[in-house]
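In terms of full-length UniProt numbering, the sequence shown opens at residue 1 and continues consecutively.
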Amino acid sequence: MKELEERIRLQGTVKPGNVLKVDAFLNHQCDVELFDHMGAAWAEHFAGKTINKILTIEASGIGIACVAARHFGNAPVVFAKKAQSINLDGDQYTTTVYSFTKQKEFPVIVSKRYLNEGDHVLLLDDFLANGKALKGLINLCHDAGATVEGIGIAVEKGFQGGGDELRAAGYDVDSLAIVESMDPETGTIEFRS
Ligand SMILES: O=P(O)(O)OC[C@H]1O[C@H](OP(=O)(O)OP(=O)(O)O)[C@H](O)[C@@H]1O
Ligand SMILES: O=c1[nH]c(=O)c2nc[nH]c2[nH]1
1 MKELEERIRL QGTVKPGNVL KVDAFLNHQC DVELFDHMGA AWAEHFAGKT INKILTIEAS
61 GIGIACVAAR HFGNAPVVFA KKAQSINLDG DQYTTTVYSF TKQKEFPVIV SKRYLNEGDH
121 VLLLDDFLAN GKALKGLINL CHDAGATVEG IGIAVEKGFQ GGGDELRAAG YDVDSLAIVE
181 SMDPETGTIE FRS
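And the structure:
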């Protein structure tokens, strides 16, 4: 998606440790018009698939998924929580995920009320790096007996391999911008064409 690549070139900064900082528009300050265009792009890619639910993971996936849901017939958006809470009652599907930016393992939890056998799920997230977050969400879907219809990602860092692993495993991964390489010294960002 050219619009997203241009924003990354314009406002993204490359940090040491394979971190691309895009918090001016994607995961701190949120450009909802851009989110809307991202939702439209995913809707075009996944047209023809039956999708009745969108699943993401807190925190940064939530806003993107909620705006995108407007392009999927207002499908309910469920976000996996990364902490236990007194607000989480009843039976739960749980797994653990290593967080790329927080550099620690988190529990990942969805109430059994909101993920069911027979659900046709689209997974959405802001970033795909090593694929840990998505593998956690896929585990939750398998535990629930739900079908993963596809995966929509804003920014994939292709050089970290998570996306290609998921494609090799048969998942339809639609990443709107795939960074092939980036250099914290020069600030150069190359996209996969
Ligand atoms: O493919 P991976 O290696 O799993 O990296 C991608 C994940 O990393 C970020 O989550 P993180 O927990 O770092 O931050 P967040 O709380 O802002 O979503 C991002 O939002 C993805 O969920
Ligand atoms: O803001 C972010 N930048 C990144 O490079 C990244 N990788 C995973 N999650 C990420 N979030």
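Built from N, CA and C at the ideal position, the CB exists for glycine as well. Bear in mind the structure is a predicted one, so any value in this text is a computation, not a measurement.
Proximity test, residue i beta-carbon vs ligand 1 heavy atom, cut-off 6 Å
i    : result
I57  : yes
L20  : no
L166 : no
T101 : yes
K72  : Residue 72 is actually Phe in this sequence, not Lys. No, Cβ of F72 sits at least 6 Å from all heavy atoms of ligand 1.
L128 : yes
A24  : no
D174 : no
D125 : yes
K15  : no
A169 : no
K157 : no
S85  : no
A133 : yes
G90  : no
G48  : no
Beta-carbon contacts of residue i that lie in its chain and below 6 Å, excluding the five residues immediately before and after
i           : result
E117        : G145
T50         : H120
F127        : V155
F100        : A129
residue 229 : This structure cannot settle anything about residue 229, because the visible part of the chain is limited to 1 through 193.
Q160        : A129, N130
Option in the options with minimal Cα separation from residue i
i    : options              : result
M1   : V14, E185, L124, W42 : W42
A133 : D23, A40, T56        : T56
T95  : C141, L20, P184      : C141
L34  : D143, V155, D164     : V155
G158 : E3, L20, R9, L10     : L20
N27  : E44, F46, H45, A65   : A65
D143 : G163, L115, Q11      : L115
I153 : A169, L176, D23      : L176
Cβ pair residue i, residue j closer than 7 Å
i    : j    : result
G136 : V108 : yes
K53  : A69  : no
Close-in-space but distant-in-sequence residues of the same chain around residue i (CB under 8 Å, 5 per side omitted)
i           : result
E190        : V179, E180, S181, M182
I62         : T56, V77, F79
residue 195 : Summary: the structure shown does not reach residue 195, with the chain confined to residues 1 through 193, and so no result is reported for it.
A3          : According to the sequence displayed, residue 3 carries Glu and not Ala. Result list for E3: L34, H37, in chain order.
Other residues of its chain near residue i: CB distance less than 7 Å, five sequence neighbours each side excluded
i           : result
D81         : According to the sequence provided, residue 81 is Lys. The question's Asp does not apply to it. Cβ neighbours of K81 beyond the five flanking positions: E58, L88, I109.
residue 198 : Not covered by the structure: residue 198. The range shown for the chain is 1 to 193.
E6          : none
V148        : V121, L123, I138, C141, Y171
V67         : V32, F35, D36, G39
Near ligand 2: residue i beta-carbon under 6 Å from a heavy atom
i   : result
N27 : yes
Using 8 Å as the threshold, is the region 85 to 94 in touch with the region 9 to 19, meaning 3 or more CB pairs across them? Segment contact: the region 85 to 94 against the region 9 to 19, fewer than three CB-CB distances shorter than 8 Å; contact not assigned.
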